[in-house]
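Here full-length UniProt numbering is used: position 82 in the sequence shown is 82, and no number is missing along the way.
Built from N, CA and C at the ideal position, the CB exists for glycine as well.
Note that the coordinates shown come from a computational prediction; the quantities given were computed from them, not determined experimentally.
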Amino acid sequence: MTPRAAIVPVGVVWRLALAVLGLLVVAAVTADAARADRRVALVIGNSGYRTVPSLPNTANDARAMATLFTNAGFEVVQARSDLGVLDFKRALRDFMSVVTGADIAVVYYAGHGVEVKGTNYLIPTDAKLARDYDVEDEAVPLDRILWSIEQARTLRLVILDACRDNPFIGKMQRTVSMRAVANGLGSVEPSTGNTLVAYAAKAGSVAADGVGRHSPFTAALLNHLTEPGLDVRIAFGRVRDEVLQATGSAQEPFVYGSLGGTTVSLVPAPQAPPVVGPRDLQRDYELAERVGTVAAFETFLARNGTGFYAELARAQIAKLSERAAKGGPAAPVVPTAPAVPAAPVVAAPVVATVPAAVMQPPRLVPGAAASDLACRRDRERLSRLRADPVADEVLRLERELGCEPLRAQVVRLRESGGGAAAAPALASEAARPAALPATPVAVPAAPAQPQAASRQAPADACRREQERLVRLRADPSRDAIARLERELTCEALRPQLVRLRESIAE
1 MTPRAAIVPV GVVWRLALAV LGLLVVAAVT ADAARADRRV ALVIGNSGYR
51 TVPSLPNTAN DARAMATLFT NAGFEVVQAR SDLGVLDFKR ALRDFMSVVT
101 GADIAVVYYA GHGVEVKGTN YLIPTDAKLA RDYDVEDEAV PLDRILWSIE
151 QARTLRLVIL DACRDNPFIG KMQRTVSMRA VANGLGSVEP STGNTLVAYA
201 AKAGSVAADG VGRHSPFTAA LLNHLTEPGL DVRIAFGRVR DEVLQATGSA
251 QEPFVYGSLG GTTVSLVPAP QAPPVVGPRD LQRDYELAER VGTVAAFETF
301 LARNGTGFYA ELARAQIAKL SERAAKGGPA APVVPTAPAV PAAPVVAAPV
351 VATVPAAVMQ PPRLVPGAAA SDLACRRDRE RLSRLRADPV ADEVLRLERE
401 LGCEPLRAQV VRLRESGGGA AAAPALASEA ARPAALPATP VAVPAAPAQP
451 QAASRQAPAD ACRREQERLV RLRADPSRDA IARLERELTC EALRPQLVRL
501 RESIAE
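Listed below in structure tokens is the structure:
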């Protein structure tokens with residue numbers, strides 16, 4: 001038999017469509033916000049110097065920082081190593097075109113640096129620096145790095161792990177006796193706003209290269225710089241504290257420049273999910289439950305990923321997926337059905353029948369806990385109806401039944417005449433003397449008691465057996481039912497007793 005096509009009410013479709021549209025809008029806004037926060041970085045590590053001993057840690061530091069920025073979601077991370085003077089300048093020129101339109105631009109440099117007559121220079125790997133005059137041709141001024149990131153809108157950040165003990169200074173000839181050549185880097189005051197220049201050690205002091213895989217400064221940067229939502233100024237404060245502790249206060253990082261009054265972080269804080277009230281959660285879940293598809297529950301979970309209703313939705317998805325894998329219908333959809341007409345009041349017993357199209361399929365009860373709760377609730381209702389069967393209530397229980405194992409018993413109760421009109425009608429039928437003898441019998445005077453007693457006995461037996469049947473409906477026992485079936489004398493009650501026995505057997 002071909003299953004009927006499920007019909008979903010138009011109102012439900014519209015509500016689901018609005019919910020999906022809301023999710024798309026939120027996703028679009030979130031995507032736009034992520035695109036607006038465009039972050040780029042240039043990482044340079046100079047280790048293999050040609051005329052002086054190599055630096056053991058700078059290559060490791062640069063690789064680790066490039067990975068840090070990549071994992072933090074930077075759109076562009078350009079990593080360069082062992083750059084000569086020409087390649088160094090080309091790297092800055094290429095990065096300048098990347099910075100255009102960016103919100104945050106970062107340049108990290110690990111290698112040698114020097115201050116000559118108040119100007120800070122970063123030293124390429126092919127520099128000789130035989131004379132202090134050569135620095136203008138063979139080194140890259142810090143101002144050129146600041147120039148390369150000038151177009152960034154929110155934050156321009158230069159991080160220099162370049163204050164190491166410089167071997168070039170000892171062999172460099174001075175062309176002018178008063179020309180100052182200092183070990184380490186000198187202080188700097190950026191000329192543009194929203195610009196920070198972070199030194200591994202404050203001006204005029206020397207930074208340690210470190211005995212581990214990373215320098216103390218870079219190791220602290222890896223721990224704190226990209227913490228989501230952490231203001232970059234607080235991050236460098238934590239870096240300072242960690243380096244001071246690691247070096248026994250021998251090295252103190254320092255940050256030059258200033259930012260405005262808003263929080264500026266290299267990695268934005270995760271967006272808090274919208275607060276949804278309990279009533280809204282329940283309404284959204286019931287909407288997904290009425291639609292009854294995996295897509296509907298996944299839409300619910302996209303907006304409400306945690307909590308009681310989220311667990312129910314996941315249980316529903318698992319149940320629907322299991323049913324689909326077994327070749328059953330992909331999802332039970334509650335059909336739109338005409339209202340069930342009220343049962344007419346009749347004098348004779350009436351066994352109510354309901355068209356198959358009217359009966360709603362059982363609602364899915366997600367999770368073992370919810371299933372047990374539904375069965376316990378339906379079992380209590382069934383027990384009450386056995387004690388006091390009312391046709392409308394039996395039909396309502398059959399429509400709303402959530403515990404499928406009880407369905408056969410409910411059907412038997414309905415077929416057995418479990419309605420308000422059934423029990424009184426049977427009792428009155430059993431009590432009528434005319435229903436028992438087929439031929440009218442004249443009632444003799446009071447002293448003639450044997451014939452009256454013989455006519456009254458079947459009616460009394462029916463009443464007693466009716467009472468026993470009512471008690472068994474309230475508290476069914478297989479042995480008691482079998483005993484009554486053996487001892488039954490009122491044949492009008494036998495169909496009900498048989499159906500009660502069959503319902504208990506199932």
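Based on DSSP bridge pairs, tell me the residues matched to residue i.
i      : result
Asp161 : Ala110
Val394 : The partner list for Val394 (beta bridge, DSSP) is empty, contrary to what the question assumes.
Leu373 : Answer is none; Leu373 lacks a bridge partner.
Ser81  : Gly45
Gly257 : Leu196
Ala105 : Val40 and Arg156
Val140 : Leu122
Val76  : Val40
Apart from the five residues on each side of it in sequence, which residues of its chain come closer than 6 Å, Cβ to Cβ, to residue i?
i      : result
Ala72  : Thr226 and Val267
Arg213 : Asn60
Arg386 : Arg473 and Ala474
Met359 : Residue confidence is low: Met359 scores 46 on pLDDT, short of 50, so the model does not pin down where it sits. Its coordinate-derived value is still stated next. Excluding residues within five positions, none has a Cβ falling inside 6 Å.
Thr439 : The predicted position of Thr439 is uncertain, since its pLDDT is 45 and thus under 50; a value taken from the coordinates is nonetheless stated next. Nothing meets the Cβ criterion.
Thr218 : Asp61 and Asp161
Pro476 : Ile504
Gly193 : none
Val116 : Asp132, Val135 and Val181
His112 : Ile123 and Asn166
Tyr256 : Val188 and Val197
Distance check for residue j and residue i, CA to CA, integer angstroms please.
i           : j      : result
Tyr199      : Val239 : 11 Å
Gln496      : Leu472 : 11 Å
Leu122      : Leu83  : 11 Å
Pro190      : Val197 : 8 Å
Arg153      : Thr195 : 10 Å
Leu493      : Glu465 : 8 Å
Phe188      : Arg80  : First, the amino acid is wrong: residue 188 is Val here, not Phe. Roughly 25 Å separates the two Cα atoms.
Ser205      : Phe254 : 11 Å
residue 554 : Ala302 : Since the first and last residues shown for the chain are 1 and 506, residue 554 lies out of range.
Arg501      : Arg478 : 7 Å
Arg90       : Gly170 : 29 Å
Ser249      : Val243 : 8 Å
Asp37       : Asn304 : 26 Å
Gly402      : Leu373 : 9 Å
Thr58       : Thr262 : 33 Å
Thr51       : Asp165 : 15 Å
Leu230      : Leu221 : 13 Å
Glu380      : Leu312 : 24 Å
Ser54       : Ala66  : 21 Å
Glu491      : Val470 : 16 Å
Ala457      : Arg486 : 18 Å
Asp280      : Thr306 : 14 Å
Leu259      : Val211 : 34 Å
Phe74       : Ser47  : 25 Å
Pro56       : Ala64  : 14 Å
Among residues of its own chain, excluding the 5 on either side of residue i, which ones have a beta-carbon nearer than 8 Å to its beta-carbon?
i      : result
Asp94  : Gln78
Gln151 : Met96, Val99, Thr100, Gly101, Ala102 and Ala105
Ala482 : Arg501
Ser321 : Val294
Going by the CB atoms, is the gap between residue j and residue i shorter than 8 Å?
i      : j      : result
Ser148 : Val114 : no
Val410 : Val390 : no
Pro124 : Phe168 : no
Arg376 : Glu398 : no
Ile317 : Val294 : yes
Cys163 : Ala201 : yes
Thr299 : Ala288 : yes
Val232 : Leu155 : yes
Ala235 : His224 : yes
Arg131 : Met172 : yes
Arg463 : Leu484 : no
Ala41  : Tyr108 : yes
Leu406 : Asp378 : yes
Arg412 : Arg499 : yes
Which residues in the same chain as residue i place their Cβ atom closer than 7 Å to its Cβ, once the five residues preceding and following it in sequence are excluded?
i      : result
Thr70  : Val77
Thr119 : Pro141
Ala127 : Val85, Glu138 and Ala139
Thr247 : Ala208 and Pro216
Val264 : Thr154, Leu155, Asp231 and Val232
Arg396 : none
Ala461 : Thr489 and Cys490
Uninterrupted alpha helix (DSSP H) stretches inside the segment 273-330 (no shorter than 4 residues): 278-291, 294-303 and 308-325
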